[in-house]
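Residues in the sequence shown are numbered consecutively from 1, following UniProt numbering.
Encoded as structure tokens, the structure appears first; notes follow it.
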Amino acid sequence: MSELYHLIYKSQAKMPFNTSQLTQLAKIARFKNFTQQVSGLLIYSGQEFFQILEGRLDSIESIYNSILNDKRHKDIVLLVKEPITNRTFWRWNMGLTIIDDNTDIRTQLIEYMQNDIELAKANKDDARFILQAFSNKIFQQYIY
Numbered sequence: 001m002s003e004l005y006h007l008i009y010k011s012q013a014k015m016p017f018n019t020s021q022l023t024q025l026a027k028i029a030r031f032k033n034f035t036q037q038v039s040g041l042l043i044y045s046g047q048e049f050f051q052i053l054e055g056r057l058d059s060i061e062s063i064y065n066s067i068l069n070d071k072r073h074k075d076i077v078l079l080v081k082e083p084i085t086n087r088t089f090w091r092w093n094m095g096l097t098i099i100d101d102n103t104d105i106r107t108q109l110i111e112y113m114q115n116d117i118e119l120a121k122a123n124k125d126d127a128r129f130i131l132q133a134f135s136n137k138i139f140q141q142y143i144y
């Protein structure tokens, strides 16, 4: 069995996405991820994306490279790419969370996403905090 990795990045959408567009994006990603045995979570908040991909290194790098070339994204920052023992988001080929003003974690997430890029690269703990928060059952209610 190939070694598992997770890759975590953040980016900014060039234009706002509505719920319907995000749902369609997740639907397409779920199919592609299923074929490559990739799991993960996409978080969208205030025109910012935060995504966790889990799977074989070649699979998640292929997906990440397509994101780098996706004209809907800008300011893409790779936060974490490292081996993992187990999948955190094994239930979802691509879970989707849309965080609005009424969601408690929104403030934490936005503060993190707006940090200086160099700080974000250096501080993997923030990315892991968000990963842990959404793997926690309390926040799973926000994933669909």
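Heads up, the beta-carbon is just placed ideally off N, CA and C, and yes, glycines get one too.
Host beta strand (DSSP E) of residue i (start-end)
i, result
"E82", "73-84"
"T97", "95-98"
"Q24", "Note, Q24: premise wrong, no beta strand (DSSP E); alpha helix (DSSP H) at 19-35."
"E54", "48-56"
"K10", "4-13"
Distance, residue j Cα to residue i Cα
i, j, result
"M15", "H73", "9 angstroms"
"D75", "F49", "10 angstroms"
"S66", "N86", "25 angstroms"
"L68", "L57", "16 angstroms"
"E3", "L22", "30 angstroms"
"T88", "N33", "15 angstroms"
"T35", "I28", "11 angstroms"
"Q37", "S59", "8 angstroms"
"S11", "I84", "23 angstroms"
"I117", "Y64", "Residue confidence for I117 is low, a pLDDT of 49 falling below 50, so the modelled location carries little weight and cannot support an answer."
"S20", "Q51", "18 angstroms"
"Q24", "D70", "16 angstroms"
"N18", "E82", "32 angstroms"
Sub-7 angstroms separation of residue i and residue j beta-carbons
i, j, result
"E61", "H6", "no"
"V77", "I8", "no"
Cβ-heavy atom distance, residue i to the ligand NAD, below 6 angstroms
i, result
"S66", "Looking at this structure, you won't find the ligand NAD or any other ligand, since it has none at all."
Problem - Cβ contact (3+ pairs, closer than 8 angstroms) linking the stretch 83-101 and the stretch 42-55 - result: Yes: the two stretches touch, three or more of their Cβ pairs being nearer than 8 angstroms.
Exercise for the section: Mind the definition here: the stretch 32-42 touches the stretch 80-96 only if three or more C-beta pairs lie below 8 angstroms; say whether that holds. Expected result: yes
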